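Step one of this worksheet: look at the structure below.
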Amino acid sequence: MKFQHVLLLVFLWNVSIFSEQDEAFFETQRKRLSSSDIFEIRDAIDRLTFIKSNRGYRDILSALEGTPNFPTSENNAPAVKFYAAKALAKKGDKIAIPVLIKTFQKESASIIEYNPPKVRKISDGVADRHSTSSPYFYEDGEISMVLACGEMLRALGSLPTTESSDQTIKQALTHPNFYIRSSAADAMYESNRKEWITSLAEGLGKEQVPYAKISILSAIVGLERLPNQNFKAVTEMLSHEDPEVRKKASQALRRLDLRIAAPYLEKAILVENHPTVLSQMKEDHSYLLSFRSP
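Every letter in the sequence shown is one number past the one before it in our numbering, and letter 281, counting from 1, is 266.
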């Protein structure tokens, strides 16, 4: 009996140590989330995302909401909301939906359509680095609020369906900003629900911006998965002058997930000169040809 009593004490002592270590871990991440360093905050969000426990869920939600009493705080930076939205999508719990909707509606209300007249360069980050409307090649420290709002929409699309999230996504498909419309299309694809095809087709008929158009087409093709006219329209966009449109077209063919799309990517790869787009095309081409279990 004494030996069993000692074993029990050792077990309880070990449990106490591990629980203290767990609490210390979460407390450390909370402190890091209050940092003024974007990359420190991002790492804390990543750590809370990839642990098995859901204890850090509300901390990520708090990061998404930010600190409204201190509007200029780094905790309200678009990058924080961007990474928090990504994390909530990975976590997959519907508890995030009301906060995602509230934050998206608040932040997207002031975003307008804006197309800078100058030619964009990779070194410009997001358009002119202070633009609110470009999906074009960006760095971690150059994430605008429009990119963060787009990520919130994609997160909503990947989470369980609710009437409120459906309404938010559908309304976003008619937003003045082309990237928001593009992200709404992505969200509809992420939901994997064919009933969105009608709304997407309506949006496609009205869309004039090439990036938004290929995003909508990409969603339709991904949901239909048929070698039809929409598929043909995507293959034609592989030769578009805008590299980001070509990249999105490549991803659309991957969503189609039919080997019939591979030859189109092979031809595009032969003439592609943008390193990021070329890498995407090669990755998507390999995916289409790879063997996967049904």
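Beta carbons: idealized from backbone N, C-alpha and C, even for Gly. Note that this is a predicted model, so its numbers are computed, not measured.
- request: Could you give the DSSP three-state label for Asp227: helix, strand or coil?
  value: If you number the sequence shown from 1, residue 227 lands on position 242. Asp227: coil per DSSP, three-state reduction.
field: Unbroken alpha helix (DSSP H) run spanning Ile26, endpoints
entry: One-based indexing of the sequence shown puts residue 26 at position 41. Looking at the DSSP string, the run of the alpha helix (DSSP H) that includes Ile26 is 23 to 34.
task: Out of Thr159, Leu241, Ala70, point me to the one whose CA is closest to Leu189's CA.
output: Taking the first residue of the sequence shown as 1, we reach residue 189 at position 204. Taking each of Thr159, Leu241, Ala70 in turn and checking the Cα distance to Leu189, the smallest one comes out for Thr159.
message: Quick check: what's the CA-CA separation for Asp242 versus Ala72?
response: One-based indexing of the sequence shown puts residue 242 at position 257. One-based indexing of the sequence shown puts residue 72 at position 87. One C-alpha to the other measures close to 26 Å.
query: Using a Cβ-Cβ cut-off of 6 Å (strictly less than) and excluding sequence neighbours within five positions of Ser150, which residues of its own chain qualify?
result: Counting from one through the sequence shown, the residue named residue 150 turns up at place 165. Result list for Ser150: Ile82, Leu141, in chain order.
Residues near Lys92 by beta carbon distance below 6 Å, same chain, minus five either side: In the sequence shown, counting from the first residue as 1, residue 92 sits at position 107. The question names Lys, but residue 92 in the sequence shown is Glu. Met130, Cys134, listed in sequence order.
- prompt: Which of helix, strand or coil does DSSP assign to Pro195?
  reply: Start at 1 with the first residue of the sequence shown, and residue 195 comes out as number 210. In the structure shown, Pro195 sits in a helix (DSSP, three-state: H, G or I).
Range of the contiguous alpha helix (DSSP H) that encloses Lys155: Along the sequence shown, read from residue 1 onward, the residue named residue 155 stands at position 170. Counting along the chain, the alpha helix (DSSP H) containing Lys155 begins and ends at 148 to 157.
Short Cβ contact (8 Å threshold) for Thr88 with Glu148: The residue labelled residue 88 in the question sits at position 103 within the sequence shown. The residue labelled residue 148 in the question sits at position 163 within the sequence shown. Contact: no.
message: Using only CA atoms, which one of Asp44, Arg240, His270, Val262 lies nearest to Gly249?
response: For the purposes of this step, residue 249 is identified with residue 264 of the sequence shown, where counting begins at 1. Note that residue 249 is Tyr in the sequence shown here, rather than Gly. Ranking the options by Cα distance to Tyr249, first place goes to His270.
- request: Measure the C-alpha to C-alpha separation of Trp181 and Lys16 and round it to an integer number of angstroms.
  value: The sequence position of residue 181 within the sequence shown is 196, counting from 1. The sequence position of residue 16 within the sequence shown is 31, counting from 1. Rounded to the nearest angstrom, the two C-alpha atoms are 41 Å apart.
message: Please identify the residue among Ser264, Leu263, Leu223 whose C-alpha is closest to the C-alpha of Ala246.
response: Here residue 246 corresponds to residue number 261 of the sequence shown, with the count starting at 1. For the residues Ser264, Leu263, Leu223, the minimum Cα distance to Ala246 belongs to Leu223.
query: With Asn60 and Ser19 assumed to form a contact (beta carbons below 8 Å), what rounded beta-carbon distance in angstroms separates them?
result: The residue labelled residue 60 in the question sits at position 75 within the sequence shown. The residue labelled residue 19 in the question sits at position 34 within the sequence shown. Rounded, the Cβ-Cβ distance is 7 Å, consistent with contact.
task: Take Lys198 and list the residues in its own chain whose beta-carbon comes closer than 6 Å to its own, dropping the five residues that flank it on each side.
output: Indexing the sequence shown from 1 puts residue 198 at position 213. These residues qualify, in order along the chain: Glu192.
message: What would DSSP say about Glu59, mapped onto helix, strand or coil?
response: Walking along the sequence shown from the start, residue 59 turns up at place 74. Glu59 falls in the helix class under three-state DSSP.
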